[in-house]
Amino acid sequence: MIELIEETAEATSIVLDLPDRQRHRAGQHVDVRLTAEDGYEAQRSYSIASAPEDAYLVLTVERLDDGEVSPYLVDTLRPGDELELRGPIGGYFVWEEVLGGPLLLVAGGSGVVPLRAMLRHHQAVGSTIPVRLLYSVKSLDDVIYRDELMGMAADDEIDVRLTLTREQPEGWRGYARRIDQELLADVAWPPSEGPLTYVCGPTSFVEVAANALVGLGHDPGRIRTERFGPTGG
Amino acid sequence: MDALDGNAIAGVLFEVFGAEMTTSAAVCANCGARAPAAELAVYLRAPGTVARCRTCMSVLMVLVTIHERTCVDLRGLDTLEIPASRGPSGWG
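Structure (structure tokens):
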């Protein structure tokens with residue numbers, strides 16, 4: 128581990144320099160295993176936040192107070208320490224340019240992590256596929272990668288929309304509610320354009336978003352989902 | 863407990879089958895629904911994991927890992943396609 132970056136009060140990025148690093152695909156995750164001195168093991172999956180093209184592998188971890196793994200990663204781990212990883216893992220929730228678009232990325236909370244890897248990959252390969260990110264988050268302070276996402280929004284091909292579900296700054300003109308069919312109808316590409324959609328977030332968020340998109344006429348076969356649970360700690 | 867999905871067990875499936883399995887089609891023996899393993903409803907409850915069909919909620923796979931040994935029960939599956947091309951897995 129070479130660096131910790133505090134992204135928000137709850138989310139921290141862990142920058143890793145891996146020996147024999149295997150190139151990952153944007154959207155994949157790794158499993159992290161911790162072993163206590165008495166041999167007790169705990170293992171969790173974390174999405175890779177960096178693009179395959181980035182110099183280091185970055186995981187963004189949400190610290191759960193009662194978690195077995197995340198408090199250690201965020202509070203105890205120090206630069207120079209080593210971690211046991213397995214991966215990269217997964218081949219379903221993955222975006223590569225050959226899969227096409229237009230691309231719709233729908234994130235709930237820390238579900239933005241693998242989608243950020245896709246956005247960085249999109250930029251790294253100079254893709255001209257249009258992308259929209261819809262990111263649902265409690266407040267502006269909870270937006271992970273805020274400066275980077277705002278910077279990406281300046282890219283002609285990338286459109287970033289936030290919905291702040293709990294607290295909005297004064298004069299906020301963006302969305303201010305939980306995701307629903309009307310909001311998705313507003314943001315999503317028309318189904319006739321055959322968009323490719325990735326939805327990542329807590330289980331209930333993913334169900335609502337995916338069902339709403341299908342209800343709007345999107346092809347279920349072009350909607351890929353990944354659910355985070357409280358077991359992500 | 864909210865169900866996760868098959869993405870959450872990609873690592874253990876790789877360990878068991880020696881291949882990336884989340885894009886593999888799983889066919890439910892009960893209702894015949896066919897879906898990528900990534901879309902199964904998964905309940906993680908260490909040391910056991912249960913994967914259910916998202917259409918009829920039948921149990922398709924039960925995986926129990928204790929001391930580096932994983933027991934796999936696939937009774938609820940009609941078929942599971944295992945890719946021929948394999949890659950490296952394992953801890954490091």
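Those protein sequences? They're chains A and B, same order as listed. Under this note's numbering, the first residue of the first sequence carries the number 128, and numbering increases by one thereafter. Under this note's numbering, the first residue of the second sequence carries the number 863, and numbering increases by one thereafter. No residue lacks a Cβ here, since even glycine has one placed at the ideal position from N, Cα and C. Here the structure is a predicted model, which is why all the values come from computation and not from measurement.
In terms of alpha-carbon separation, which member of the options lies closest to residue i?
i: A/L131; options: A/G154, A/H156, A/S172, A/V188; result: A/V188
i: A/P322; options: A/V335, A/A303, A/G328, A/D346; result: A/D346
i: B/H857; options: B/M919, B/G910, B/C915; result: The structure shown does not extend to residue 857 of chain B, since chain B is modelled only from 863 through 954, so no value can be given for it.
For residue i, count the other beta carbons within 10 Å of its own beta carbon; 16 or more makes it buried, fewer makes it exposed. Which is it?
i: A/I331; result: The amino acid at residue 331 of chain A is misidentified as Ile; the sequence shows Ser. A/S331 comes out exposed.
i: B/I944; result: exposed
i: A/M245; result: buried
i: A/T255; result: exposed
i: A/S352; result: In the sequence as displayed, the identity of residue 352 of chain A is Thr instead of Ser. When all chains shown are included, A/T352 counts as buried.
i: A/Y219; result: buried
i: A/D269; result: buried
i: A/G359; result: Unreliable placement is indicated for A/G359, whose pLDDT of 48 sits below 50; the coordinate value is still reported in the next sentence. Under this definition A/G359 is a buried residue.
i: A/L226; result: exposed
i: A/T162; result: exposed
i: A/S319; result: exposed
i: B/R931; result: exposed
Counting contacts by CB-CB distance shorter than 7 Å, is residue i in contact with chain A?
i: B/W953; result: yes
i: B/L902; result: no
i: B/A872; result: yes
Checking contacts by CB at 7 Å: is residue i closer than that to chain B?
i: A/E211; result: yes
i: A/T330; result: yes
i: A/R349; result: no
i: A/I68; result: Past the edges of chain A, shown from 128 to 360, lies residue 68 of chain A, and the structure says nothing about it.
i: A/G235; result: no
i: A/D144; result: no
Between the alpha carbons of residue i and residue j, how many angstroms are there, rounded?
i: A/K265; j: B/A946; result: 44 Å
i: A/S237; j: A/Y262; result: 10 Å
i: A/P198; j: A/G214; result: 21 Å
i: A/P257; j: A/V314; result: 13 Å
i: A/I350; j: B/A895; result: 17 Å
i: A/G348; j: B/T927; result: 32 Å
i: B/R907; j: A/S177; result: 29 Å
i: A/E224; j: A/A169; result: 35 Å
i: A/R150; j: A/P296; result: 40 Å
i: A/E309; j: A/H249; result: 28 Å
i: A/I175; j: A/G342; result: 31 Å
i: A/A147; j: B/M883; result: In the sequence as displayed, the identity of residue 147 of chain A is Asp instead of Ala. The alpha-carbon atoms of A/D147 and B/M883 are separated by roughly 23 Å.
i: B/N869; j: B/V904; result: 9 Å
i: A/R247; j: A/G253; result: 10 Å
i: A/L231; j: A/V221; result: 13 Å
i: A/F355; j: B/W953; result: 22 Å
i: A/I271; j: A/A280; result: 15 Å
If you pair each beta-carbon of the region 928-945 of chain B with each one of the region 889-900 of chain B, do three or more pairs fall below 8 Å? Contact between the region 928-945 of chain B and the region 889-900 of chain B is established, with three or more Cβ pairs separated by less than 8 Å.
Should the region 137-146 of chain A be called in touch with the region 168-188 of chain A, which here means at least 3 C-beta pairs below 8 Å? They touch, by the three-pair rule.
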